[in-house]
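Residue numbers (this note's numbering): 1 to 169.
Quick reminder that beta carbons are idealized off the backbone N, C-alpha and C, glycines included.
All figures in this text were calculated on a predicted structure; none of them were measured in a lab.
Here the structure comes first, spelled out in structure tokens, and everything after it is commentary.
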Ligand code: FEO
């Protein structure tokens, strides 16, 4: 049986993953409207991944005899100052999600909830990967600055990356 406090925390996490999915969808839309077709595909892919994260927790909660709640989703912002600001906001958002995953991990450790800890281990690794991915893109943007060719190449690279990920699934 899933401890009540864990059930509640996981339902909050389900809502956060759903919000992340909606947020990345808004970013994909901005990219498409502003000529960054490759990056739009990258954010569409990120949005799909966040929904997969949500479902991973959702299914676990019910499997562990808890009660998974389908979340209401707050509308994310759709206006962004610049291409770089998308990745700054994405990194900031991923850091918040990481904090939240770490807090649930601390709670599950206190409650000796080994099953949930097993689930969360995957998320701890995933968050590290996602923060790192956004940080690497921001580092590249620092080098590129406002160079049009550089931005074009990064956009193509991000588009190809999402195609490769889909092909490997
Ligand atoms: Fe599922 Fe990127 O947080």
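- The beta carbon of residue 30 is closer than 6 angstroms to those of 80 in its chain, skipping five residues each way along the sequence.
- Minimum Cα-Cα distance from residue 100 among the listed residues 111, 88, 120 and 113 corresponds to 120.
- Of the residues assessed, residue 66 falls on the buried side of the cut-off, its CB having 16 or more other CB atoms within 10 angstroms.
- In the structure shown, residue 75 falls within a coil segment according to DSSP collapsed to helix, strand and coil.
- In the DSSP assignment, residue 123 falls within the alpha helix (DSSP H) that extends over 114-144.
- Under the three-state reduction of DSSP output, residue 86 falls in the helix class.
- Within the same chain, Cβ atoms closer than 6 angstroms to the Cβ of residue 14 are found at 54, 57, 58 and 71, the five residues on either side in sequence being excluded.
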